[in-house]
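In our numbering, the protein residues as written are 1 to 73.
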């Protein structure tokens with residue numbers, strides 16, 4: 001399967017810019033994920049949306065790995 005992956009680079013997209021959530025979710029379809037976590041803020045709500053197929057421990061590992069990728073290790 002050939003896919004285009006959007007890499008989030010916060011300091012290059014500009015203040016206030018947001019990718020379309022549906023585009024990001026559509027881009028993830030078709031991959032054979034072993035673990036998946038979705039975290040988001042919902043407009044005008046204080047609670048986070050958190051969903052996924054990973055356990056709590058696996059989710060924390062994914063979040064830590066994502067933090068490392070975002071800050072550039």
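Ideal Cβ placement from N, Cα and C applies to all residues, glycine included.
Task: Per DSSP, the bridge partner or partners of residue 40 - done: Along the chain shown, one-based indexing puts residue 40 at 40. DSSP lists 49 as partners of residue 40.
Task: Endpoints, the alpha helix (DSSP H) within which residue 67 is located - done: On the chain shown, position 67 is the one that residue 67 refers to. Run containing residue 67: 56-71, per the alpha helix (DSSP H) assignment.
Open item on the list: Given this structure, state the Cα-to-Cα distance separating residue 39 from residue 56, to the nearest angstrom.
Closed with: Taking the first residue of the chain shown as position 1, residue 39 is located at position 39. Taking the first residue of the chain shown as position 1, residue 56 is located at position 56. Looking at the two C-alpha atoms, the distance is approximately 13 Å.
Task: Host alpha helix (DSSP H) of residue 26 (start-end) - done: Numbered from 1 along the chain shown, position 26 holds the residue referred to as residue 26. Element bounds for residue 26: 21-28.
TODO: Check whether the Cβ atoms of residue 21 and residue 36 sit closer than 8 Å, and answer yes or no.
DONE: Counting from 1 along the chain shown, the entry for residue 21 is found at position 21. Counting from 1 along the chain shown, the entry for residue 36 is found at position 36. No, they are not a contact pair.
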